[in-house]
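See below for the structure under consideration.
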Amino acid sequence: MDLKLTQREVAEKLSVDKTTIQFWENNRAKPSLSLIPKIIGFLGYNPFETLSNSLREQIKAFRQVHGLSQKRLAKLLRIDPTTVGSWERGENRPTKRNLDNLLSFLSSHPSSSTRPEE
Numbered sequence: 223m224d225l226k227l228t229q230r231e232v233a234e235k236l237s238v239d240k241t242t243i244q245f246w247e248n249n250r251a252k253p254s255l256s257l258i259p260k261i262i263g264f265l266g267y268n269p270f271e272t273l274s275n276s277l278r279e280q281i282k283a284f285r286q287v288h289g290l291s292q293k294r295l296a297k298l299l300r301i302d303p304t305t306v307g308s309w310e311r312g313e314n315r316p317t318k319r320n321l322d323n324l325l326s327f328l329s330s331h332p333s334s335s336t337r338p339e340e
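In my numbering, the protein residues as written are 223 to 340.
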């Protein structure tokens, strides 16, 4: 996608420094979690999407799109924050009850309804 914008113009639209854009483009830094929803909105697509359909990657992708930390998602699901981390790392799988709760939560929160963490 070529928007024909300078790094400075992109930086202004995302409320970051021009150097930040340069670091992202050169893979010297990654956007903060709180900026990911703004970047997706600006581009009109999710450049962070993975091709995998694994549950662990779906959970992480959902968090990124919504600007949620593991801790915030855990709070919304009423589970321990370390549980979300262990799911994303593939160390544990959700219990049937937690899986049902998680899938229900994910399907009921389209990208526009969950606000990013402050």
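Backbone N, C-alpha and C define an ideal beta-carbon position, used for all residues, glycine too.
### Coil, strand or helix - residue 329 by DSSP
Here residue 329 is taken as the residue at index 107 of the sequence shown, counted from 1. Helix, per DSSP.
### Query
Can you tell me whether residue 242 is buried or exposed, with buried defined as 16 or more other CB within 10 angstroms of its CB?
Looking up residue 242 in the sequence shown gives position 20. By the 10 Å Cβ count, residue 242 comes out buried.
### Query
If you drop the 5 nearest sequence neighbours on each side, which residues of the same chain put their C-beta closer than 6 Å to that of residue 298?
For the purposes of this step, residue 298 is identified with residue 76 of the sequence shown, where counting begins at 1. Closer than 6 Å at Cβ, skipping near neighbours: no residue.
### Query
If you check the beta carbons only, do residue 309 and residue 278 fall under 8 Å apart?
As a first step, residue 309 must be located in the sequence shown, where it is residue number 87. As a first step, residue 278 must be located in the sequence shown, where it is residue number 56. Yes, the Cβ-Cβ distance between residue 309 and residue 278 is below 8 Å.
### Query
In whole angstroms, what is the alpha-carbon distance linking residue 321 and residue 256?
As a first step, residue 321 is located in the sequence shown; it is residue number 99 there, counting from the start. As a first step, residue 256 is located in the sequence shown; it is residue number 34 there, counting from the start. Each residue's Cα considered, the two are about 26 Å apart.
### Message
Let me make sure I understand the geometry here. Which of 247, 237, 252, 328 has the alpha-carbon closest to that of residue 264?
### Response
One-based indexing of the sequence shown puts residue 264 at position 42. Per the Cα distances, 237.
#### Entry: Supposed contact pair residue 287 and residue 268 - C-beta distance, whole angstroms, cut 8 Å
Taking the sequence shown and counting its residues from 1, one reaches residue 268 at position 46. Taking the sequence shown and counting its residues from 1, one reaches residue 287 at position 65. Yes, they are in contact, since the Cβ atoms of residue 268 and residue 287 sit about 6 Å apart, within 8 Å.
### Task
Using the Cα positions of residue 228 and residue 244, report the straight-line distance between them to the nearest angstrom.
Numbered from 1 along the sequence shown, position 6 holds the residue referred to as residue 228. Numbered from 1 along the sequence shown, position 22 holds the residue referred to as residue 244. Approximately 11 Å, taken between the alpha carbons.
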